[in-house]
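Asks: Before we start, here is the structure in question, set down as structure tokens.
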Amino acid sequence: MANVKTALCRREEALENLKKCLEIKEKMLGKDSIEVGKASRDLAEAYAGTLNLKEALPHCLKALQIHGLRFGLDSVEVAHDRRLLGVIYTGLGMHEEALKQNKFAREVFKNSGVGSDRLHAGIEAANMQIALGKYDQAVRTLKAVVEATDEDSETRASVFVSMGKALCNLENFPDAKRCLEIALGILGKKEKEDPADVSKCYVEIAIQYETMNEFENAITLLHRALKMLEKLPQEQHSLASAYARIGHLLMLTGKVSPAIPYLESAAEIMSECFGSSHYSVAYIYSNLGSAYLELDKPHESVKMFGVAKSIMDSALGPQHIDSLEARKNMSTAYSALGMYDSAVEMLQEAINGYERHGPAAEDELAESKQILEDLKKKARCGSLEEPRSKPLLLP
Numbered sequence: 006m007a008n009v010k011t012a013l014c015r016r017e018e019a020l021e022n023l024k025k026c027l028e029i030k031e032k033m034l035g036k037d038s039i040e041v042g043k044a045s046r047d048l049a050e051a052y053a054g055t056l057n058l059k060e061a062l063p064h065c066l067k068a069l070q071i072h073g074l075r076f077g078l079d080s081v082e083v084a085h086d087r088r089l090l091g092v093i094y095t096g097l098g099m100h101e102e103a104l105k106q107n108k109f110a111r112e113v114f115k116n117s118g119v120g121s122d123r124l125h126a127g128i129e130a131a132n133m134q135i136a137l138g139k140y141d142q143a144v145r146t147l148k149a150v151v152e153a154t155d156e157d158s159e160t161r162a163s164v165f166v167s168m169g170k171a172l173c174n175l176e177n178f179p180d181a182k183r184c185l186e187i188a189l190g191i192l193g194k195k196e197k198e199d200p201a202d203v204s205k206c207y208v209e210i211a212i213q214y215e216t217m218n219e220f221e222n223a224i225t226l227l228h229r230a231l232k233m234l235e236k237l238p239q240e241q242h243s244l245a246s247a248y249a250r251i252g253h254l255l256m257l258t259g260k261v262s263p264a265i266p267y268l269e270s271a272a273e274i275m276s277e278c279f280g281s282s283h284y285s286v287a288y289i290y291s292n293l294g295s296a297y298l299e300l301d302k303p304h305e306s307v308k309m310f311g312v313a314k315s316i317m318d319s320a321l322g323p324q325h326i327d328s329l330e331a332r333k334n335m336s337t338a339y340s341a342l343g344m345y346d347s348a349v350e351m352l353q354e355a356i357n358g359y360e361r362h363g364p365a366a367e368d369e370l371a372e373s374k375q376i377l378e379d380l381k382k383k384a385r386c387g388s389l390e391e392p393r394s395k396p397l398l399l400p
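Everything in the sequence shown is counted per my numbering, starting at 6 for the first residue and increasing by one.
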């Protein structure tokens, strides 16, 4: 049942079924059984799939413990657990720990002759190095991996996508583009064979084009991904992400009205996949709020920012940096409506939060204090230009 619901992108319901499955196996087979270890890893993967990494972590650690006892710490099963653990740690921002787990997994895969898993773990290691800002090291890692890949394989394409990302961060845009072009050449031949993975690669490449300010190329590639994802019911979350990114890019290029239908579709689909209170939904509503504000529709803007703030407060906590940005955006929308007391109150909440973050938020704090002074002046004379909200970057 969990597999069926996951395939239908009803991931929250699938999680409940997987949790019940784990409970039943613990009662029937014992908490340290091999079956419980596998069920724990399945549940960890499911939580990671919904980006709920804090919940994924203990289940993955439990799987690692059981498989270590049953198969040994140098077993392939433990390596699979450590590879997943690396992905989870990466999502939690614990990149050094992620690399440690990934390195162990790669060594086991190499010694066990598990070639494909070793190559994919190598790509993941490079992405972790990129997250740590070790771009040259990531390039070296990927050069070693690419030598072991087949000429026209998707794995080879993935290597060049990550290579492009590393070079992009090094601001070596000509070489980055060449890597992405090689990847696109391979992926174009695989669209019918594996549309799910190819479309995800297209989205990742589009993100790199966005980084290089090649917005039209990024939008074109995202539309290419959309055509494939719309035919894949099990990839609705990826479809929502593509819609959201197109909407975001259209806003960046000043095409605000055309962006709204994409953002609305993204919010609807993402809510169906992960639930309406998932933090990824909040980022989309925040961009909708910014879009409506750009179109001089402050009532709709306040509504969208309010939804985003409510979700972020619940999912991330009211003191999270993005929750504070949501308050700042709401303040801007209130100001556009002439509701200055509400605008000041909301912005003051953001300022209080930024002060708790210390040096990490000093730029946001300084900007917010300046806006607060402008707001107070506007409340007195009503003649200053409105500050603009900032679209939040998609996670």
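Cβ atoms here follow ideal geometry from the backbone N, Cα and C, with glycine treated the same way.
I'd like to check one pair, residue 91 with residue 107: are the Cβ atoms closer than 7 Å?
Replies: Looking up residue 107 in the sequence shown gives position 102. Looking up residue 91 in the sequence shown gives position 86. Yes; because the gap between Cβ atoms is below 7 Å, this pair is in contact.
Asks: Mark residue 260 as exposed unless 16 or more other C-beta atoms lie within 10 angstroms of its C-beta, in which case mark it buried.
Replies: Mapped onto the sequence shown, residue 260 falls at position 255. It is exposed - the Cβ of residue 260 has fewer than 16 other Cβ atoms within 10 Å.
Asks: For residue 240, which three-state DSSP category applies?
Replies: As a working mapping, residue 240 is identified with position 235 in the sequence shown. Residue 240 falls in the helix class under three-state DSSP.
Asks: Does the structure place the stretch 170-183 close enough to the stretch 207-219 that three or more beta carbon pairs sit under 8 Å?
Replies: Yes, the stretch 207-219 is in contact with the stretch 170-183.
Asks: What is the C-beta distance between residue 164 and residue 150, in whole angstroms, given that I count them as a contact (C-beta under 8 Å)?
Replies: The sequence position of residue 164 within the sequence shown is 159, counting from 1. The sequence position of residue 150 within the sequence shown is 145, counting from 1. Residue 164 to residue 150, Cβ: 5 Å. Contact.
Asks: I think residue 65 touches residue 84, with their Cβ atoms under 8 Å apart; what is that distance to the nearest whole Å?
Replies: For the purposes of this step, residue 65 is taken as the residue at position 60 of the sequence shown. For the purposes of this step, residue 84 is taken as the residue at position 79 of the sequence shown. So it is not a contact: roughly 13 Å between Cβ atoms.
Asks: Please list the terminal residues of the continuous alpha helix (DSSP H) segment that includes residue 335.
Replies: Sequence index remark: in the sequence shown, residue 335 carries index 330 (1-based). Segment 326-341, the alpha helix (DSSP H) holding residue 335.
Asks: Kindly confirm or deny that the stretch 229-238 and the stretch 272-288 touch, where touching means at least three C-beta pairs closer than 8 Å.
Replies: No, they do not touch.
Asks: Per the contact definition of three or more C-beta pairs closer than 8 Å, is the stretch 65-82 in contact with the stretch 255-272?
Replies: The stretch 255-272 vs the stretch 65-82: no contact.
Asks: Got a sec? Which residues, its chain only, sit under 7 Å from residue 335 by beta carbon, not counting five neighbours each side?
Replies: Along the sequence shown, one-based indexing puts residue 335 at 330. Cβ neighbours of residue 335 beyond the five flanking positions: 307, 310, 311, 314, 351.
Asks: On the premise that residue 30 lies in contact with residue 38, defined as a C-beta separation below 8 Å, what is that separation, rounded to the nearest angstrom?
Replies: Working through the sequence shown from its first residue, we reach residue 38 at position 33. Working through the sequence shown from its first residue, we reach residue 30 at position 25. So it is a contact: roughly 7 Å between Cβ atoms.
Asks: Between the beta-carbon of residue 188 and the beta-carbon of residue 162, is there less than 7 Å?
Replies: Counting from 1 along the sequence shown, the entry for residue 188 is found at position 183. Counting from 1 along the sequence shown, the entry for residue 162 is found at position 157. Yes; because the gap between Cβ atoms is below 7 Å, this pair is in contact.
Asks: In terms of residues, what are the limits of the alpha helix (DSSP H) holding residue 296?
Replies: Position 291 of the sequence shown, counted from the first residue, corresponds to residue 296. First-last of the alpha helix (DSSP H) with residue 296: 284-299.
Asks: CB residue 247 to CB residue 230, shorter than 7 Å?
Replies: Stepping through the sequence shown from its first residue, residue 247 is reached at position 242. Stepping through the sequence shown from its first residue, residue 230 is reached at position 225. In this structure, residue 230 lies closer than 7 Å to residue 247 by Cβ.
Asks: Compare the C-alpha of residue 372 against each of 361, 355, 385, 55 and name the closest.
Replies: Looking up residue 372 in the sequence shown gives position 367. Comparing Cα positions, the closest option is 355.
Asks: What number of angstroms, rounded off, separates the C-alpha of residue 388 from the C-alpha of residue 136?
Replies: Mapped onto the sequence shown, residue 388 falls at position 383. Mapped onto the sequence shown, residue 136 falls at position 131. Note that residue 388 scores 45 on pLDDT, short of 50, meaning its location in the model is unreliable; the coordinates nonetheless yield the value given after this. Rounded to the nearest angstrom, the two C-alpha atoms are 45 Å apart.
Asks: Between which two residues does the alpha helix (DSSP H) harbouring residue 202 extend?
Replies: The residue you call residue 202 lines up with position 197 of the sequence shown. Counting along the chain, the alpha helix (DSSP H) containing residue 202 begins and ends at 200-216.
Asks: Apart from the five residues on each side of it in sequence, which residues of its chain come closer than 6 Å, Cβ to Cβ, to residue 207?
Replies: Within the sequence shown, residue 207 is the residue found at index 202, counting from 1. Excluding residues within five positions, the ones whose Cβ falls inside 6 Å are 226, 229, 230.
Asks: Compare the C-alpha of residue 67 against each of 27, 104, 33 and name the closest.
Replies: Position 62 of the sequence shown, counting from 1, holds the residue named residue 67. The candidate whose alpha carbon is nearest that of residue 67 is 27.
Asks: Determine the direct distance from the alpha carbon of residue 94 to that of residue 321, and round the result to whole angstroms.
Replies: Position 316 of the sequence shown, counted from the first residue, corresponds to residue 321. Position 89 of the sequence shown, counted from the first residue, corresponds to residue 94. Rounded to whole angstroms, residue 321 to residue 94 spans 17 Å at the Cα level.
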